[in-house]
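Read the structure below first, then the notes.
This is how it looks when you write it as structure tokens:
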């Protein structure tokens, strides 16, 4: 699941420049000076090269929205997909020379669209005779030199990831993904690329890949007992000196980790989630870092290493193929060794170029297969269900998610746990989701539940449930009683994004936004009776949240009453298929509302 964007610190365009001066000394006297004038000063050899970077592509191949079944568009005029980025890369190689360009990715490649889901679950790449993953085909054609592993690479299990790895003609790097038993690297930690310079030594570029420690939480079901994920700083301190010892002239990192030092999971792990700035600051010997994970655009950002005083250059190219990062390096050969004399970074927007025709030729059939799949009818709906107001009002489309989760967990409980009150918690993942009146297709449901989460049932006490809901309520900015509520500014306080905000069904409660954080949950009741602190509930919750995602209190350590490997999205599709008709009257009503000092807001 995508993690929260960076906090609101302003990142400005910067570039790090280091200089190398050549001192020319001569002896005193006119004859010597005249001789110097006649003999030109011999200049050191120079060379330049670029590293192009993508990140968080999330299986966006074409400029297409599978949820809406039309070309992608947004209010900022962005395009998506590697097919357009490939055209920019061709332009860069043509302008600078093939031998002057490397291409790297910072992870989250094989999850995120219906295309990704199709080749992981509907027609898995692990099946006998199955076609290659479309992202492997596209990235091989684009001639990537390396890619870091993202946390979403693990969503479909290690078998799917290993199959994807085998299909790539470039290494998947993760110096901090270790075998749980041997503590040896589970994936290649780094690669060394040589840039040929005629008449001079090759320039050796060491590329080190680092992934996100949060995998241990977010994909616990897939990696527990198999892999462990230590911190980025810790592993960079181990491998950067090794790359320098191998004679690397340039050390370039590709990190699936943001650069503000924050963690969405609180203290659930001893390692920082967004640690690229800390790596740059604390690990000497790094020239530049391609940053990923946080889905923001940072064209150029400089961090000074606290040990050497050298500037480390960082860039993050947004996500989905919105941008391409371009790192430009200039080097000088000094006494037989290449030295970086200048480095700059920028991001390029591919929305002005056409999609690469060769990628279209290679993957058009796969794309059409997925388009046909997402347009498969699964039932009908009695009325239009919109998620537009789901972040501040109880709406039927969210009750649909709660109903599916509740029914599924209820059917799988033991007799003793079935006697406990059962509730559901879920987040409004997409404000643009809409299930239309009339025919309902797979894309309508996929657009509502956009992540590949599975389902848990966990036990919380009444006191713990109240803490849970209070934590969720920090999503809202405080609006004093008598003050008009503006929905455009009401939500996402504390960098708490929509996917992090849970509502609950099976209980009724008010969220008093006039109150300070920590004292907003009022009138919490179950079946009309106030919830007591020692009352025990079974809570239907997705695996991301159940394992500690977003840092909710109590839930990660709670006892498990139910678990399944079935994805919630597919459970929703199966629900509609079995019912034939989706009718909001069949949903359990969530019964929560926003208030100001007890007065309903809406």
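In the working numbering, the protein residues as written are -8 to 593.
From the three backbone atoms N, C-alpha and C, an ideal C-beta is built for every residue, glycine too.
Query - Spatially closest choice to residue 491 from 295, 519 and 532, by CA coordinates - result: 532
**Report entry** Coarse secondary structure for residue 285, derived from DSSP in three states
**Finding:** coil
Query raised in the report: Starting from residue 227 and walking both ways along the alpha helix (DSSP H), at which residues does that stretch end?
Result: 223 to 236
Report task. Compare the C-alpha of residue 430 against each of 415, 374 and 501 and name the closest. Result -> 374
Report task. Report, in whole angstroms, the separation of the C-beta atoms of residue 416 and residue 493, which I expect to be a contact under 8 angstroms. Result -> 4 angstroms
Report task. With a threshold of 16 other CB atoms inside 10 Å of the CB of residue 594, please say whether the residue is buried or exposed. Result -> The structure shown does not extend to residue 594, since the chain is modelled only from -8 through 593, so no value can be given for it.
**Report entry** Straight-line Cα distance separating residue 370 from residue 567
**Finding:** 6 angstroms
Query raised in the report: What's the C-alpha gap between residue 26 and residue 302?
Result: Residue placement at residue 26 is flagged as unreliable, the pLDDT there being 48, under the threshold of 50; the coordinate-derived value follows with that caveat. Residue 26 and residue 302: Cα-Cα distance of roughly 40 angstroms.
Query - Three-state secondary structure (DSSP) of residue 273 - result: helix
Query raised in the report: Based on Cα-Cα distance, which residue from 230, 278 and 313 lies nearest to residue 286?
Result: 313
Requested in this report: Rank 450, 231, 565 and 316 by C-alpha distance to the C-alpha of residue 94 and give the top, closest one.
Outcome: 316
Query - Pairwise C-alpha distance: residue 547 and residue 308 - result: 33 angstroms
Requested in this report: Report the residue from 243, 201, 143 and 229 whose alpha carbon sits nearest the alpha carbon of residue 211.
Outcome: 143
Requested in this report: Spell out the partners DSSP gives residue 292 in its beta bridges.
Outcome: 305
Query raised in the report: Taking the alpha helix (DSSP H) that residue 457 falls in, what are its first and last residues?
Result: 453 to 464
**Report entry** Backbone CA spacing between residue 600 and residue 196 [nearest angstrom]
**Finding:** Nothing about residue 600 can be reported from this structure: the residues present for the chain run from -8 to 593 only.
Requested in this report: Out of 553, 587, 355 and 177, state which residue places its alpha-carbon closest to the alpha-carbon of residue 507.
Outcome: 587
Query raised in the report: So, helix, strand or coil for residue 396, using DSSP?
Result: helix
Report task. Keeping to the same chain, check which residues put their C-beta closer than 7 angstroms to that of residue 121; ignore five residues upstream and five downstream. Result -> 114 and 115
Report task. Give the DSSP-derived three-state secondary structure of residue 40 in the structure shown. Result -> strand
Query raised in the report: Between residue 72 and the rest of its own chain, which residues show a CB-CB distance below 6 angstroms, the 5 nearest in sequence each way excluded?
Result: 51, 52, 53, 54 and 312
Requested in this report: Please report how far the alpha carbon of residue 217 lies from the alpha carbon of residue 167, in whole angstroms.
Outcome: 13 angstroms
**Report entry** Ordered list of alpha helix (DSSP H) runs contained in the region 521 to 545, each at least 4 residues
**Finding:** 534 to 537
Query raised in the report: Could you give the residue range of the alpha helix (DSSP H) that holds residue 181?
Result: Residue 181 -> not in any alpha helix (DSSP H); beta strand (DSSP E) instead, spanning 181 to 186.
Query raised in the report: Quick one: Cα of residue 539 to Cα of residue 582, how far?
Result: 26 angstroms
Query raised in the report: DSSP on residue 27, reduced to helix/strand/coil?
Result: Because residue 27 sits at a pLDDT of 46, beneath the cut-off of 50, its placement in the model cannot be relied upon, and the following sentence gives the value as read from the coordinates. Here residue 27 sits in helix by DSSP.
Query raised in the report: Is it a yes or a no for the region 284 to 298 touching the region 255 to 262, going by three-plus beta-carbon pairs under 8 angstroms?
Result: no
**Report entry** Residue of 160, 107 and 553 minimising C-alpha distance to residue 406
**Finding:** 553
Query raised in the report: Are the region 459 to 468 and the region 557 to 576 in contact at 8 angstroms, needing three or more beta carbon pairs?
Result: no
Query raised in the report: What does a CB cutoff of less than 7 angstroms around residue 461 pick up in its chain, not counting 5 residues either side in sequence?
Result: 509, 511 and 512
Query raised in the report: Short check: CB of residue 495 to CB of residue 579, under 8 angstroms?
Result: no
**Report entry** Of the listed residues 131, 232, 362 and 190, nearest to residue 107 (C-alpha basis)
**Finding:** 362
Query raised in the report: If you draw a straight line from the alpha carbon of residue 422 to that of residue 246, how long is it in whole angstroms?
Result: 30 angstroms
**Report entry** DSSP bridge partner residues for residue 413 (one or two, in chain order)
**Finding:** 529
Query raised in the report: Going by C-alpha distance, which of 443, 347 and 298 is nearest residue 277?
Result: 298
**Report entry** Candidates 81, 159, 92 and 60, of which the one nearest residue 100 by Cα
**Finding:** 159
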